[in-house]
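Okay, structure first, notes after.
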Amino acid sequence: MAVRPLSRMLQRVLRSGLRSCSSGAPVTQHRPGEPRQTAAEELSRRRQFLREHAAPFSAFLTDSFGRQHSYLRISLTEKCNLRCQYCMPEEGVPLTPKADLLTTEEILTLARLFVKEGIDKIRLTGGEPLIRPDVVDIVARLHQLEGLRTISITTNGINLARLLPQLQKAGLSAINISLDTLVPAKFEFIVRRKGFHKVMEGIHKAIELGYSPVKVNCVVMRGLNEDELLDFVALTEGLPLDVRFIEYMPFDGNRWNFKKMVSYKEMLDTLRQQWPELEKLPEEESSTAKAFKIPGFRGQLSFITSMSEHFCRTCNRLRITADGNLKVCLFGNSEVSLRDHLRAGASEKELLRVIGAAVGRKKRQHAEFLLLLQDSPPAIPSISSQDPFRVQGIRHRVSFSNQKVTLWEGGWFPRTPLLAQWQLRSSCPQRQYSSHLDSDANPKCLSAVAQAPAAPSGPLPTADQLTHVDMEGRAAMVDVGGKPDTERVAVASAVVLLGPVAFKLVQENQLKKGDALAVAQLAGIQAAKLTSQLIPLCHHVALSHVQVCLELDATRHAVGIQASCRAQGPTGVEMEALTAAAVAALTVYDMCKAVSRDIVLGEIKLLSKTGGQRGDFQRT
Numbered sequence: 000m001a002v003r004p005l006s007r008m009l010q011r012v013l014r015s016g017l018r019s020c021s022s023g024a025p026v027t028q029h030r031p032g033e034p035r036q037t038a039a040e041e042l043s044r045r046r047q048f049l050r051e052h053a054a055p056f057s058a059f060l061t062d063s064f065g066r067q068h069s070y071l072r073i074s075l076t077e078k079c080n081l082r083c084q085y086c087m088p089e090e091g092v093p094l095t096p097k098a099d100l101l102t103t104e105e106i107l108t109l110a111r112l113f114v115k116e117g118i119d120k121i122r123l124t125g126g127e128p129l130i131r132p133d134v135v136d137i138v139a140r141l142h143q144l145e146g147l148r149t150i151s152i153t154t155n156g157i158n159l160a161r162l163l164p165q166l167q168k169a170g171l172s173a174i175n176i177s178l179d180t181l182v183p184a185k186f187e188f189i190v191r192r193k194g195f196h197k198v199m200e201g202i203h204k205a206i207e208l209g210y211s212p213v214k215v216n217c218v219v220m221r222g223l224n225e226d227e228l229l230d231f232v233a234l235t236e237g238l239p240l241d242v243r244f245i246e247y248m249p250f251d252g253n254r255w256n257f258k259k260m261v262s263y264k265e266m267l268d269t270l271r272q273q274w275p276e277l278e279k280l281p282e283e284e285s286s287t288a289k290a291f292k293i294p295g296f297r298g299q300l301s302f303i304t305s306m307s308e309h310f311c312r313t314c315n316r317l318r319i320t321a322d323g324n325l326k327v328c329l330f331g332n333s334e335v336s337l338r339d340h341l342r343a344g345a346s347e348k349e350l351l352r353v354i355g356a357a358v359g360r361k362k363r364q365h366a367e368f369l370l371l372l373q374d375s376p377p378a379i380p381s382i383s384s385q386d387p388f389r390v391q392g393i394r395h396r397v398s399f400s401n402q403k404v405t406l407w408e409g410g411w412f413p414r415t416p417l418l419a420q421w422q423l424r425s426s427c428p429q430r431q432y433s434s435h436l437d438s439d440a441n442p443k444c445l446s447a448v449a450q451a452p453a454a455p456s457g458p459l460p461t462a463d464q465l466t467h468v469d470m471e472g473r474a475a476m477v478d479v480g481g482k483p484d485t486e487r488v489a490v491a492s493a494v495v496l497l498g499p500v501a502f503k504l505v506q507e508n509q510l511k512k513g514d515a516l517a518v519a520q521l522a523g524i525q526a527a528k529l530t531s532q533l534i535p536l537c538h539h540v541a542l543s544h545v546q547v548c549l550e551l552d553a554t555r556h557a558v559g560i561q562a563s564c565r566a567q568g569p570t571g572v573e574m575e576a577l578t579a580a581a582v583a584a585l586t587v588y589d590m591c592k593a594v595s596r597d598i599v600l601g602e603i604k605l606l607s608k609t610g611g612q613r614g615d616f617q618r619t
């Protein structure tokens with residue numbers, strides 16, 4: 000793109016009696032006695048000027064399908080201070096040697112070249128960009144680039160409250176904050192680190208400093224956080240947030256599968272049952288988000304439909320990795336090293352030829368897995384009233400959103416996780432935690448199989464010999480290849496006798512380690528999914544649903560645990576249910592052992608199972 004001669008710009012500025020900002024847009028010199036323009040008004044005027052004086056778009060950033068790329072994402076670092084389960088393993092990932100990463104000057108050189116060619120928005124990413132020591136300086140120097148309208152950042156929020164005042168002064172104009180849950184214990188489970196309240200503080204600081212909307216990115220994963228959709232949306236009633244629900248996407252190492260994805264349409268259907276007045280907002284050109292708003296709410300919500308309804312046709316994004324590779328598609332494997340060309344002394348023209356060639360090779364749509372998605376199994380529907388667990392869908396789940404909004408608006412956050420506190424008996428308040436809970440439900444989170452035909456009680460019919468040994472008595476896995484797939488459901492239970500001291504601390508949620516019930520519930524769910532790795536001769540089962548419920552029993556100073564599992568397959572899920580109950584009980588012990596070692600784990604047993612050749616079982 001031809002750059003407007005500086006002399007022409009200066010002449011225009013001098014003739015108008017104005018001074019110029021770093022973009023070339025005129026800025027009115029303030030005169031004593033006149034009201035000063037606000038920062039928002041000044042930014043609006045600057046953007047208007049740039050729109051009116053835009054030059055023809057660069058051919059180097061236009062691909063063979065006519066898509067003009069005006070948005071550049073720059074990764075400042077590969078490092079991150081969290082270990083999100085869907086992003087990287089707990090031990091982290093191998094890091095590129097520091098000498099192979101882009102220096103600050105190389106980042107700015109590339110940014111300057113891209114902006115000169117038509118990039119008008121730069122987003123800084125990572126890893127976690129706010130752990131880079133010179134991030135404020137990078138933002139300030141980017142802000143000086145003529146033609147750059149927006150500098151944004153995507154952050155996990157851990158360091159945001161501390162750095163945001165400096166970043167705002169440097170020129171940061173937009174913020175995206177990643178947050179996948181509003182439950183502190185679940186936050187630690189997902190990211191494998193503490194820091195929930197730091198993220199909340201960062202969101203509050205962004206609102207306080209006038210960012211509007213503050214974008215909150217939530218990756219929705221079935222079986223982990225899809226039950227929090229309503230709570231996230233309720234936050235937009237009193238806060239200027241744009242809560243963005245992101246379809247779970249495949250990345251190297253997160254073991255993605257279709258069953259974990261909650262589609263945009265499924266999420267939208269859930270929200271419309273609660274808020275039928277939900278209205279769609281006009282979509283901006285090249286936007287990746289489908290935006291909606293509930294009338295009367297301050298904020299809005301959006302869906303990033305990368306999987307179910309991709310937005311490749313209007314994609315205007317390019318990416319530079321921390322080690323200097325240009326990626327024209329987030330999902331593609333094709334990369335070209337701009338770092339190597341820079342360090343080899345390439346001129347601007349040579350760099351533009353490399354960039355133009357890469358952009359020209361960009362495909363019409365990303366990654367072949369989208370073709371597979373069209374033939375993938377449909378998303379698992381929300382649990383209905385016909386569910387054998389008698390658990391209603393998540394739209395009826397008790398919500399604490401109003402309490403959260405009140406706390407957020409005041410800038411304060413709960414000292415303890417916001418978990419259900421139910422009046423189970425008139426004489427004894429109890430706490431319980433469940434992955435699905437209905438406000439009108441029976442205090443017992445799970446009941447046995449609902450309205451099923453009478454099943455034989457007592458022990459199951461036994462085989463003539465053990466099934467996990469061969470004819471010579473050696474351990475062997477049962478061959479289930481010839482068995483038909485049937486619906487399999489199992490419910491198991493366990494009891495942890497805490498004693499009065501530990502029981503009171505759990506009941507009041509005062510343990511130093513945190514919320515024992517929430518952590519145990521998550522541990523039980525995780526254990527059910529890992530049963531085949533813990534029990535040597537168990538088959539791997541693709542569970543379609545896991546639920547763990549914990550209930551306090553004041554008469555025994557105990558925690559009662561019920562775990563249920565469901566799958567469609569040739570083998571039962573009783574081992575998964577038993578493992579979930581047992582590991583949840585062990586987790587309660589671990590959370591309380593500092594208080595008392597006189598804790599007893601017991602009554603681990605199967606309560607019921609359905610499906611299979613030997614018929615159903617119901618413990619009397």
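Quick note: the sequence shown uses numbering that gives the first Met the number 0, first residue 0, plus one each step.
Idealized CB from N, CA, C, for every residue including glycine.
Three-state secondary structure assigned by DSSP to residue i
i	result
C314	coil
Q612	coil
H340	helix
C83	coil
F231	helix
A553	coil
D241	strand
E507	coil
L247	In the sequence under discussion, the amino acid at residue 247 is Tyr, which differs from the Leu named in the question. Looking at Y247 - three-state DSSP - the assignment turns out to be coil, as it is neither helix nor strand.
S531	helix
M574	helix
H68	coil
E699	Absent from the structure is residue 699, since the part of the chain shown begins at 0 and ends at 619.
M306	coil
I603	strand
Chain-order list of residues whose beta-carbon lies under 6 angstroms from that of residue i (same chain, five-residue window excluded)
i	result
P294	E276
F59	E116, L351, I354 and G355
R221	K259 and V261
D597	G498
G194	I157
Supposed close pair residue i, residue j - CB separation, criterion 8 angstroms
i	j	result
H68	R316	7 angstroms
V219	M266	6 angstroms
R613	L605	Not a contact, Cβ separation roughly 13 angstroms.
R243	V213	At roughly 11 angstroms, the Cβ-Cβ gap does not stay under 8 angstroms, so R243 and V213 are not in contact.
A343	L100	Going by Cβ atoms, the distance from A343 to L100 rounds to 17 angstroms, so no, they are not a contact pair.
T269	L228	6 angstroms
Check whether residue i and residue j have beta carbons under 8 angstroms apart
i	j	result
A580	A562	yes
M306	E225	no
A576	I560	no
T95	E77	yes
P164	L123	no
T586	A519	yes
L497	V558	yes
L178	N158	no
I319	S74	yes
A184	D484	no
K289	Q299	no
I152	I174	yes
G601	R487	no
E573	A489	yes
T155	L81	Inspection of the sequence shows that residue 155 is occupied by Asn rather than by Thr. Yes. Within cutoff.
Neighbourhood of residue i by C-beta distance below 8 angstroms, restricted to the same chain and skipping five residues each side
i	result
T108	L341
A169	V135, D136, V138, A139 and H142
S531	C537, H538, H539 and V540
Inter-residue Cα distance where the pair is residue i and residue j
i	j	result
D615	Y70	58 angstroms
E284	R66	12 angstroms
G146	R131	25 angstroms
A357	D136	30 angstroms
Q402	D230	For Q402, the predicted structure reports a pLDDT of 34, less than 50, and the residue's modelled location is therefore unreliable. A value from the coordinates is still provided. If you take the alpha carbons of Q402 and D230, they lie about 10 angstroms apart.
L542	M590	27 angstroms
V92	R192	16 angstroms
I206	T61	36 angstroms
L325	E334	5 angstroms
K97	G323	12 angstroms
Close beta carbons around residue i, own chain, < 7 angstroms, minus the five adjacent residues each side
i	result
A522	V582, A583 and T586
C83	I189 and V190
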